[in-house]
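Some notes on the structure that comes next.
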Amino acid sequence: MAANLTYRSSRVAMVILPALLFVFQSGYSQTAAQTVTLQVSQIALLQTSGAVSATITGAGTSAGVATLSVANQTTTLQWGTNRGTQKITARLSAASKFQVYLQVLNPTAGVATPQILATTTAQDILLTVGRSQGSATISYTIQITADKGVVTDTPNIIFEMKNQ
Numbered sequence: 000m001a002a003n004l005t006y007r008s009s010r011v012a013m014v015i016l017p018a019l020l021f022v023f024q025s026g027y028s029q030t031a032a033q034t035v036t037l038q039v040s041q042i043a044l045l046q047t048s049g050a051v052s053a054t055i056t057g058a059g060t061s062a063g064v065a066t067l068s069v070a071n072q073t074t075t076l077q078w079g080t081n082r083g084t085q086k087i088t089a090r091l092s093a094a095s096k097f098q099v100y101l102q103v104l105n106p107t108a109g110v111a112t113p114q115i116l117a118t119t120t121a122q123d124i125l126l127t128v129g130r131s132q133g134s135a136t137i138s139y140t141i142q143i144t145a146d147k148g149v150v151t152d153t154p155n156i157i158f159e160m161k162n163q
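Below, the structure is given as C-alpha cells:
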C-alpha cells in the first residue's frame with residue numbers, strides 16, 4: 000500500500016506541478032527587442048507644368064524696330080527637397096537664335112532673383128530653397144532681331160537644384 004500511495008502522490012504531483020507553472024507563467028510577460036534601421040535618401044525633385052510656345056508675328060510691332068518679341072508666356076515650376084539650403088538654376092540646353100528671358104514670380108518658398116537672359120551657363124533663379132516643397136510661376140519673354148530671318152528653334156530650358 001505504501002508503494003501505491005507513492006505512485007499516486009507522484010501522479011498528482013505530475014498533474015499539479017505543470018498546472019501551477021502555467022498559472023504562474025501566464026501572468027509573466029516576455030519581451031524581445033529588434034533594431035530597425037531607417038534611412039531617408041536625399042531628395043530633390045523639379046517639375047514644370049508643360050511646354051512654352053511662343054510665336055512672334057510682328058503684330059503690334061512698329062516699323063523700323065529691329066527687335067521682335069513676345070512676352071508673358073508662363074509655366075509653373077514645382078519642387079520638393081529634404082536637403083539643406085538649395086538654389087534652383089536655369090540654362091539653355093543649346094545656343095539659340097532667340098533671346099530667352101525668364102523670371103520667377105510668386106514663389107511659395109525661397110527668394111526669386113531678378114529676370115535673367117538664359118544662356119547655356121546655369122544662372123540662379125531661386126535662392127534659399129531648402130527642406131521645402133513649393134511652386135512658382137516662370138514668366139518668359141522671347142526676343143529675336145529681324146536680321147535673323149524666319150526662324151524655328153526649340154531649345155530646352157534646364158532647371159537644376161544645387162547646393163547653395
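Terminal number for the sequence shown in numbering that gives the first Met the number 0: 163, no gaps in between.
From the three backbone atoms N, C-alpha and C, an ideal C-beta is built for every residue, glycine too.
Since this is a predicted model, take the numbers as computed values, not measurements.
{"Asked": "Burial state of Leu116 (16 or more Cβ within 10 Å)", "Found": "exposed"}
{"Asked": "Where Ala50 falls, given that 16 or more other Cβ within 10 Å makes a residue buried", "Found": "exposed"}
{"Asked": "Alpha carbon of Leu76 to alpha carbon of Asn155, nearest angstrom", "Found": "14 Å"}
{"Asked": "Spatially closest choice to Lys147 from Tyr100, Ser68, Gln114 and Ala32, by CA coordinates", "Found": "Ser68"}
{"Asked": "Nearest-angstrom Cβ-Cβ length linking Leu101 and Ile124, presumed shorter than 8 Å", "Found": "7 Å"}
{"Asked": "CB contact flag (Gly133, Gly83, <7 Å)", "Found": "no"}
{"Asked": "Opening and closing residue of the beta strand (DSSP E) in which Asp123 lies", "Found": "Gln122 to Val128"}
{"Asked": "Candidates Val149, Ala145, Asn162 and Ser138: closest to Gln72 by CA position", "Found": "Ser138"}
{"Asked": "Distance, Ile143 Cα to Val64 Cα", "Found": "11 Å"}
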